[in-house]
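Novice: If you want the numbering used here, it's the position in the sequence shown, counting the first as 1, plus 17.
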Amino acid sequence: LSRARDQIAMDMARYVAFHQQWIAGQQAGLRELAEAAANAATERATDAELRAVVERCMRGYQEYAASRRAMARENGAAFVAPPWCTAFENSVLWLGGCRPSLAIRLLYSISGEGLTERLASLQENIADRPLLPIVRERAAAAAALVGQGRSAKRDDIAGRLAAAESSGGLAAEVDAAMESYSAGLARLLEEADELRMSTARALATEILTPRQAVEMLVAAKQLHLAVRDWSRRKEEGAQNARLPRAAAATTAPSG
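This is the structure we're talking about:
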């Protein structure tokens, strides 16, 4: 039992280090994208240069997903609701990441925040190649299927445990059911990552201009990092507020 706990602790430390490395990469990627966006705004970057920046960003996402997929096969639950994330971060996650539709929502959001001068050309682009509605519909349909798969797995484990309890073999069945559920979560995470990647890549390389793709990716990284930073400050503030109360409670006279 002690050896198993030690292995779990070592695995968790490895997962946390991987996540921290990913966050550092996100921050570096945001700086590169922001610089590219600034250069594009002053026409100091060619479309080819912007496409190269977009491709590096997409490749980074792909490599992250591949590494995470391998680790999730060891512990699917840890990556679907990561314990190294704050409670608020986990509340907005969808199977370990953003909803596939977030990229589309960001696109409309940034169009309404000072990008109206590019909205006309964007609409022409969409009119010529009506891919955006198709991408949106496919993302929604696929997300629904993945969600149904998660519900089915929860129902399956509940059914197995109920049957085991009635037959007296609960302990062994719990272990088997949890292993099966964890493996199922890892597969769902892989499907969700593939859906996230295909949606983002379709937008960044097939629908948007290089400049628009850079701006969308900037917004996505900014949102991710802002949610992380805000939720951590919130949790730290709450913890610091509890400390004086706890200290006062321990030193108060008993009367």
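Each residue gets a CB set at the ideal place from its N, CA and C atoms; glycine is no exception.
Grouping DSSP H, G and I as helix and E and B as strand, with all else coil, what is residue 201?
Specialist: helix
Novice: Is any heavy atom in the ligand GTP found nearer than 7 Å to the beta carbon of residue 81?
Specialist: Although the ligand GTP was asked about, the structure shown includes no ligands whatsoever.
Novice: Would you call the region 36-46 and the region 200-211 touching, i.e. three or more CB-CB distances under 8 Å?
Specialist: no
Novice: Determine, using beta-carbon pairs with one atom in the region 99-109 and one in the region 248-259, whether at least three such pairs fall under 8 Å.
Specialist: yes
Novice: Suppose you measure from the CA of residue 80 to the CA of residue 53; what does that come to, to the nearest Å?
Specialist: 22 Å
Novice: Taking the CB atoms as reference points, tell me whether residue 75 and residue 32 lie closer together than 8 Å.
Specialist: At a Cβ-Cβ threshold of 8 Å, residue 75 and residue 32 do not count as neighbours.
Novice: With respect to the alpha helix (DSSP H) encompassing residue 42, which residues constitute its N-terminal and C-terminal limits?
Specialist: 19-58
Novice: For a quick check, are the C-beta atoms of residue 217 and residue 120 less than 8 Å apart?
Specialist: yes
Novice: Can you tell me whether residue 116 is buried or exposed, with buried defined as 16 or more other CB within 10 angstroms of its CB?
Specialist: buried
Novice: Residue 122 to residue 240, Cα distance in whole Å?
Specialist: 12 Å
Novice: Whose C-alpha, out of 40, 26, 196 and 56, is nearest the C-alpha of residue 244?
Specialist: 40
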